[in-house]
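Contents: one structure, followed by commentary.
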Amino acid sequence: MADASEQAGKLEMKGISISFPGVHALKNVDFAAKAGRAHALIGANGAGKSTLMKVLSGAYDHYMGEIRMDGAIADIRNPRSAKDQGIQIVYQEVDTALIPNLSVAENIMLEHTVRGMKGRHLVRWKEMHAAAQSVMDRLNVSIPTRKLVQELTLAEKQMVLIARSVSMQCRYLVLDEPTAPLSSSETEVLFRLVRLLKSEGVGIIFISHRLPELYEICDDITIMRDGMLVVSDKLANLSQEQVIEHMLGAKLEGQFPSRVGRIGDIAFEAIDIHDAGKVDHVSLSVRSGEIVGIAGLVGAGKTELCRALFGASDTASGELRLGGKRIAAHNPHLAVRSGLALVPEERRREGVFVEESVGANLTAVSLSRYAAKGWGSWLSAARERIAADSVVQSLGIKTPNTKALVRNLSGGNQQKIAIGKWLLADAEVYLFDEPTKGVDVGAKRDIYELVAELAARGKCILYASSELSEMMGITDRMYVMYDGAIVRELATADTNEEEIMLYSTGGLRT
Ligand SMILES: Nc1ncnc2c1ncn2[C@@H]1O[C@H](COP(=O)(O)OP(=O)(O)OP(=O)(O)O)[C@@H](O)[C@H]1O
Ligand SMILES: [Mg+2]
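Note that my numbering has the sequence shown beginning at 2, numbered continuously upward.
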C-alpha cells in the first residue's frame, strides 16, 4: 500500500463494469482524477462516458468494481453517498435536473432546503435568495434569482445547475457536455469558473465533443471506446488528431461531404416573419436542392426564427410560400402537413419522446405512410420496423434494437433519433437547428452527409448553426442574424469565417 500522502486528493475507479438489458455498457474501466486538475473524458456517442460518471455519482448500485477516495474504499451506490464524498455532477440532460416552475434561487438551494428542513417546514426566503445570489456572484453570472427556471435559456439552466453543485460540498465536479449549449462568451465564463475551482483544489471531470476547448482547460485525458478504456494520459502528450484516432479507432477523412445535384429555382419563401422581441421582420428564400445557412451567435434569434417558421410560436406573423403557393403553418401540425420539418435544438424537450421506443420515435411523423390501408396491421408494423432499421443503419444509431427506449440511449444517439425521424417524413423543407450539438466527430460527418443527401434529392434546407466551420463547410449561401434580424446575405464561396463573425457580432450593420 502506498503511503497516505500519495493517495490524498485522488479519486480512483477500478475495474468498473455495468450491463443493461442488451448492452454491456462498461467493460472493466479504470479511471483516476486528481484534486486541483481538470480531466477530459472523451469518446464517441455511446462510448460509455455518461454511464461511467453516473456510476461515480451514485446513479446505479449494480455495477462491479470499486471506487476509492484518497485511497480508501468509498462504497458509492446511491446519490447521497456520492454527495457525501463531495462528488457533484451536472448531467447532460439539464432539464431533468431542474424544477421548471420554481425560481432560480429555489433550484440552486434545492438540496439545502430539502436537507435542512427536517420537519421544520419553514423556508427563509430572504436568506435563500441571498445565499443563491452569493453563489451566482462567485460564478460571475447574473440571472435574477427570482426568475422561474422555465423562463431560462438552456445556457442559463446549465449555469443554475453548476451553481447548485458548487453551493454544496464539492471536491470533484463532473460536467457532462456543459459547453454544448453555450455561446463562446458563456463558455469563457464557464472556463474562468473551472480555473477558479481548480485553484481552490476542486477536481474537474469534463466531458465534451468540442476537442479544441479541452486544450484550454484540461490537464489530463481519458479516452473511451465501446465501453472500454483506450488511453489515459496527460493531455499535452496527445494531439487532436491522435485523440480523434483513439476515439474512433480510425482516422477521420474529410469532415464535409462533396456535393452532388443541381440547385434549382426558388422553392421556399418566408416573407416578413415577425415575432416581437425575438424575430425582426425576416424575409428569406431557399432554392430546391440548396443548403442555406442561418449564421449568428448563440442568442441571435436562430432558434426563434426556426420556431416561427415551423408555427411553433403563437405570436409570430408573416407568410410562407412553397412552390409559389401560400402555405399554412400556424402550428407545427399544419407545418408538417404543408411539407415542413424541424429538427429542434432542445431535443429532449421537443425532438424526441424519451419514454417511447426508437422505432416509435423514428416513425412518429410519418405514421400515415405505414398505416395499413385495408391490409393487416401486422404488415404496417413490419414496414415500420424495416423503415426504422434503415435509419438506424444510415445514421449509425447505437441501440440494441428499435424496441429499446430512447431514454436509455446516449445523448448523442438521442440527437440522431431527432434527426432520423424526419428522413422518413419526406418533407420538402428541412429546418435544422444546431443539429450537430453534442454529437461526436464521426457522427457529425454522418449528419452532414445526410443533409447533403436531402439537398441532392431536391429538398430545401435551412441550416442554423453558430459553428462557423459548418457555415463554410456545408452551406451554399447564408443569412447572418444579429439581434433577431437578418443583417447580411453571403454566398459561401465568396466569404470566410472572419467576415461571418464580423456580421454576427453586429459589425458594419447596413
Ligand atoms: N439505463 C440504461 N439502459 C439501457 N442502456 C443504457 C442505459 N444507460 C446507458 N445505456 C447504454 O450504454 C451505452 C453508453 O451510453 P452513455 O450514455 O454512457 O454514452 P456516452 O459516451 O455518454 O455518449 P454521448 O456522447 O452520446 O452522450 C449506450 O449504448 C447506451 O444506450
Ligand atoms: Mg453522454
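Even glycine gets a Cβ: it sits at the ideal position worked out from N, Cα and C.
None of these values were measured; they are calculated from a predicted model.
Proximity of residue i and residue j at Cβ, strictly below 9 Å
i: Thr493; j: Ser466; result: no
i: Ala317; j: His275; result: yes
i: Ser168; j: Ala132; result: yes
i: Arg78; j: Asn141; result: no
i: Leu343; j: Lys422; result: no
i: Leu53; j: Ala98; result: no
i: Gly59; j: Ile17; result: no
i: Leu410; j: Ile398; result: yes
i: Ile264; j: Gly290; result: yes
i: Ala428; j: Asp221; result: no
i: Ile43; j: Met225; result: yes
i: Gly250; j: Leu12; result: no
i: Ala41; j: Leu57; result: no
i: Gly485; j: Glu346; result: no
i: Ala181; j: Val136; result: no
i: Ala33; j: Gly10; result: no
i: Val430; j: Leu323; result: yes
i: Gly66; j: Asp227; result: no
i: Glu498; j: Leu469; result: yes
i: Ala309; j: Cys461; result: no
i: Val105; j: Thr146; result: yes
i: Leu402; j: Asn46; result: The identity of residue 402 in the sequence shown is Asn, whereas the question assumes Leu. No, Cβ-Cβ distance for Asn402 and Asn46 is not below 9 Å.
i: Glu94; j: Gly412; result: yes
i: Val195; j: Ile218; result: yes
i: Ala296; j: Met14; result: no
i: Leu432; j: Leu463; result: yes
i: Val442; j: Gln256; result: yes
i: Ser233; j: Lys279; result: no
i: Gly312; j: His282; result: no
Where residue i falls, given that 16 or more other Cβ within 10 Å makes a residue buried
i: Ser240; result: exposed
i: Leu175; result: Contrary to the premise, residue 175 reads as Val rather than Leu in this sequence. Flag for Val175 reads buried.
i: Met70; result: buried
i: Val481; result: buried
i: Asn102; result: exposed
i: Ala372; result: Low confidence applies here, because Ala372 scores a pLDDT of 49, under 50, leaving its location unreliable and the question unanswered by this model.
i: Ile100; result: exposed
i: Pro179; result: buried
i: Gly375; result: Per-residue confidence for Gly375 stands at a pLDDT of 48, beneath the threshold of 50, marking its modelled position as unreliable; the derived number appears in the next sentence. Classification of Gly375: exposed, given that the 10 Å Cβ count is below 16.
i: Gly507; result: exposed
i: Gln416; result: buried
i: Gln1; result: Nothing can be reported for residue 1, as the shown portion of the chain is limited to 2 through 511.
Residue i, DSSP secondary structure in three states
i: Tyr449; result: helix
i: Asp96; result: helix
i: Thr223; result: strand
i: Val488; result: strand
i: Leu53; result: helix
i: Gln89; result: strand
i: Cys171; result: coil
i: Val299; result: coil
i: Arg193; result: helix
i: Lys404; result: coil
i: Tyr64; result: coil
i: Ala373; result: Residue placement at Ala373 is flagged as unreliable, the pLDDT there being 45, under the threshold of 50; the coordinate-derived value follows with that caveat. Ala373 falls in the coil class under three-state DSSP.
i: Leu469; result: helix
i: Ser505; result: helix
i: Asn29; result: strand
i: Ala36; result: coil
Residue i CB to nearest heavy atom of ligand 1 below 8 Å
i: Phe21; result: yes
i: Val440; result: yes
i: Glu214; result: no
i: Asp281; result: no
i: Tyr435; result: It is worth fixing the name first, because residue 435 is Glu in this sequence and not Tyr. No, the Cβ of Glu435 stays beyond 8 Å of every heavy atom of ligand 1.
i: Thr400; result: yes
Any non-hydrogen atom of ligand 2 closer than 8 Å to residue i Cβ
i: Ile208; result: yes
i: Gln93; result: yes
i: Asp96; result: no
i: Gly300; result: no
i: Ser1; result: Because residue 1 is not part of the residues shown, which for the chain are 2 to 511, the question remains open.
i: Lys445; result: no
i: Asp477; result: no
i: Asp227; result: no
i: Lys417; result: no
i: Lys50; result: yes
i: Glu7; result: no
i: Glu178; result: yes
Near ligand 4: residue i beta-carbon under 8 Å from a heavy atom
i: Gly413; result: In the structure on display, ligand 4 does not appear, and the ligands it does have are ligand 1 and ligand 2.
At least 3 beta-carbon pairs within less than 8 Å: the stretch 142-162 vs the stretch 381-401:
no
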